[in-house]
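J.: Mind looking over this structure? Questions follow.
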Amino acid sequence: APTTPWWADAVVYQIYPRSFADSDGDGIGDLAGIRSRLDHLRTLGVDVLWLSPVYPSPQDDAGYDIRDYQGIDPVFGTLEGFDELLADVHAHGMKLVMDLVVNHTSDEHAWFEESRASKDSPKRDWYWWRPAREGLEPGTPGAEPTNWGSFFSGSAWQLDDATGEYYLHLFSRKQPDLNWENPEVRQAVCAMMRWWLDRGVDGFRMDVINMISKDPALPDAHVVGSGGLFADGGAYYLCGPRIHEFLQEMSREVFTGRPELLTVGEMPGVTVDEARLFTDPARREVDMVFQFEHMGVDQGLTKWDHHPLKLTDLKATLARWQAGLADVGWNSLYWNNHDQPRVVSRFGDDGEHRVRSATMLATVLHLHRGTPYVYQGEELGMTNAPLRSVDELRDIESINHYRQEVAAGRDPEQVLASIRPMARDNARTPMQWDASPHAGFTTGTPWSEVNPNYTEVNAAAETADPDSVFHHYRRLIALRHSSRTVVLGDFTLLLHDDEQVYAFTRRLGNEELLVLGNFSGSDAEVELEGWEGSELVLGNYREPAEGLGLRPWEARVHRRE
Ligand code: ISL
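Each residue of the sequence shown is one higher than the one before, starting from 47 at the first, in the working numbering.
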């Protein structure tokens with residue numbers, strides 16, 4: 047049998063540097079701040095850190111718009127400071143994975159500045175340039191080369207005055223898409239990746255990597271319903287025609303001879319069948335992907351159309367991914383990242399049952415088969431931001447959407463109310479370290495408001511409390527490190543139709559684990575053969591349970607042989 051890779055029993059922790067820890071009082075987190083908090087991560091027990099982008103950037107999309115791939119933004123520190131951080135991370139027995147954002151660059155990147163300068167620039171073809179639609183004056187409504195919408199509202203095309211042509215930007219207009227059809231682009235990206243690996247980094251989280259291969263014909267998208275002005279062009283750029291070829295080439299050119307890496311591809315819209323191909327080790331593409339199906343269960347056509355969770359939908363989708371990647375490939379497991387609202391506010395109860403529901407959610411996720419990702423603050427049960435007024439929005443996605451809707455005549459209060467539950471800003475409030483001013487995040491003025499609950503929800507209080515969310519995460523991570531069944535056991539969903547209880551087993555050889563989670567604030571009955579009297583491995587209530595039934599937001603892991 048093939049040996050399991052090193053990351054099979056690893057837990058990854060995502061750091062969003064701008065909100066993690068500020069060492070110099072400018073109100074923005076930085077690399078030295080991260081260095082000063084490595085003990086927290088060591089105590090938690092995580093194996094790998096993933097850093098959201100720290101490269102020089104105009105920060106139009108909080109660093110996902112990169113001006114220079116081979117440097118550190120002064121707001122975060124210096125390259126020397128980065129090397130020191132990397133050495134410290136390694137000295138603490140952890141690995142460090144970088145964010146790789148190569149579907150697009152900043153419009154301030156030297157490559158784009160050269161590309162936009164003239165139609166015969168040697169780098170013209172490094173991006174997607176197109177003239178106005180046949181017969182229409184550039185800049186007039188409908189003259190955009192295709193009807194595609196951008197993820198951040200409006201058209202995916204921006205007219206550029208220098209040459210009178212449009213460039214493609216799936217995200218903000220300050221994030222022009224690179225043209226991966228051009229082999230020079232691919233070579234430049236590979237060279238840059240090798241440069242970071244030579245510096246000692248341990249892998250990459252690849253931003254929207256399933257968007258790098260577009261249908262070069264760039265056809266108009268099919269319009270669904272009455273729609274807005276712009277349509278979803280995803281059919282022509284999600285898992286496009288050359289995506290597997292591009293990833294295999296990257297793997298050959300960059301990863302050959304470097305066995306100890308971790309690669310994870312962020313892939314909105316990826317299907318289980320595609321994910322099997324991407325993560326089949328024999329194909330040498332990526333180790334695992336971030337899929338999004340379970341992040342869509344509480345929304346309608348768009349993310350702003352938010353509705354309450356139906357537990358059976360969540361269970362069905364996650365179980366399908368467990369089954370789909372059981373024999374080939376590997377799952378990544380996450381509830382949170384810097385783009386998603388806080389899970390305790392989303393699927394749990396961030397009021398009365400905050401601790402109980404946060405620990406229940408953690409237990410259910412971490413007992414699945416795959417590599418768990420913990421997003422900073424999740425291990426404290428941090429909650430969504432209050433977002434009391436539009437002035438508290440910092441994120442381009444929400445701000446653009448707000449402006450678009452208000453301009454279209456919608457009621458501003460209602461627009462804000464629709465943004466509140468899903469806003470990416472929910473995840474980006476400063477890390478809550480202690481009960482001192484600004485939660486110990488900064489001595490200056492934080493770039494985003496600290497959640498007012500920091501006096502109660504913070505790392506200092508939680509490390510001192512054995513029943514805290516923090517210590518529950520620590521126990522879950524330790525369990526994974528000590529149990530082959532948690533890492534490799536088969537997954538079987540139970541109680542498919544139950545709207546209150548999430549139940550499944552994991553089995554390896556003679557050992558079987560039963561995982562139970564109550565997704566509600568009321569008692570739940572559970573009837574399962576043969577589990578009465580089994581050993582309790584872990585739970586989130588101190589007082590022992592009677593029988594298999596669950597108390598409000600209770601989670602338990604049982605074991606039998
Ligand atoms: O945030 C989202 C939900 O609306 C997604 O559409 C998100 O934009 C998508 O998952 C891609 O995310 C990644 O690339 C973006 C960047 O803004 C995100 O922060 C990043 O995680 C563009 O680089």
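Glycine included, every Cβ here is placed at the ideal spot set by N, Cα and C.
None of these values were measured; they are calculated from a predicted model.
Please tell me whether, using a cut-off of 6 Å, the distance from the CB of Tyr448 to the nearest non-hydrogen atom of the ligand ISL is below it.
T.: no
J.: Any chance the CB of Asp253 is under 6 Å from a heavy atom of the ligand ISL?
T.: Yes, since a heavy atom of the ligand ISL falls inside the 6 Å radius drawn around the Cβ of Asp253.
J.: Return helix, strand or coil for Asp26, following the three-state DSSP convention.
T.: Here the chain comprises residues numbered 47 to 607, so residue 26 is not present and cannot be evaluated.
J.: Can you look up Arg176 in the DSSP assignment and give me helix, strand or coil?
T.: Note: Arg176 maps to strand in three-state DSSP.
J.: Does the pairing of the region 491-506 with the region 417-429 give three or more beta-carbon distances under 8 Å?
T.: yes
J.: If we ignore side chains and look at the alpha-carbon of each, how far apart do Asn383 and Pro418 end up?
T.: 12 Å
J.: So what does DSSP say about Ile258, is it helix, strand or coil?
T.: coil
J.: Just mark Ala47 as buried or exposed, buried being the case when its beta carbon has 16 or more other beta carbons within 10 Å.
T.: Low local confidence applies: a pLDDT of 46 at Ala47 is under 50, so the model's placement there is unreliable, and no value is given.
J.: For Glu581, report the span of its beta strand (DSSP E) as first-last.
T.: Glu581 to Gly585
J.: Cβ of Ile112 within 7 Å of Cβ of Ser152?
T.: yes
J.: Please report the Cβ distance between Tyr213 and Tyr173, rounded to the nearest whole angstrom; I am assuming they are in contact, meaning their Cβ atoms lie under 8 Å.
T.: 5 Å
J.: Would you check if the region 183-203 and the region 135-149 touch, i.e. whether three or more CB-CB distances between them fall below 8 Å?
T.: no
J.: Drop a sphere of 10 angstroms on the beta-carbon of Lys165, count the other beta-carbons inside from all chains shown, and report buried for 16 or more, exposed for fewer.
T.: exposed
J.: Check whether the region 431-449 touches the region 479-486, counting contact only when three or more Cβ pairs, one atom from each stretch, lie closer than 8 Å.
T.: no
J.: What's the call for Val92, buried or exposed, on a 16-neighbour Cβ count within 10 Å?
T.: buried
J.: Assuming Lys141 is part of the beta strand (DSSP E), what are its boundary residues?
T.: Lys141 to Leu146
J.: State buried or exposed for Ala267, treating a residue as buried only when at least 16 other CB atoms are found within 10 Å of its CB.
T.: The residue in question, Ala267, is buried, as its Cβ has 16 or more Cβ neighbours within 10 Å.
J.: Taking C-alpha atoms, which residue in Pro51, Trp599 and Gly576 lies nearest to Arg304?
T.: Pro51
J.: Is it buried or exposed, Gly375, if we count other Cβ atoms within 10 angstroms and call 16 or more buried?
T.: buried
J.: Give me the residue from Ala237, His604, Leu355 and Leu534 with the minimum Cα distance to Gly579.
T.: His604
J.: Do Leu360 and Val332 have their CB atoms nearer than 7 Å?
T.: Annotated as distal: Leu360 and Val332, with beta-carbon spacing of 7 Å or more.
J.: Just checking my contact of Arg552 with Leu407 at CB under 8 Å: how many whole Å lie between their CB atoms?
T.: The Cβ separation is near 17 Å, so there is no contact.
J.: Near Glu154, which residues of its chain fall below 7 Å by C-beta distance, leaving aside the five closest residues on each side in sequence?
T.: Pro104 and Arg113.
J.: Among residues of its own chain, excluding the 5 on either side of Glu451, which ones have a beta-carbon nearer than 7 Å to its beta-carbon?
T.: Val461
J.: Under 6 Å from any heavy atom of the ligand ISL, does the C-beta of Phe158 make it?
T.: Every heavy atom of the ligand ISL is 6 Å or more from the Cβ of Phe158, so no.
J.: Could you check the C-alpha separation between Pro590 and Glu558 for me, to the nearest Å?
T.: 21 Å
J.: So Phe565 and Tyr548 are supposed to be a Cβ contact under 8 Å. How far apart are they, rounded?
T.: Contact flag correct, Cβ pair sits at about 6 Å.
J.: What separation, rounded to the nearest whole angstrom, lies between the Cα atoms of Leu275 and Val269?
T.: For Leu275 and Val269, the gap between their C-alpha atoms comes out near 9 Å.
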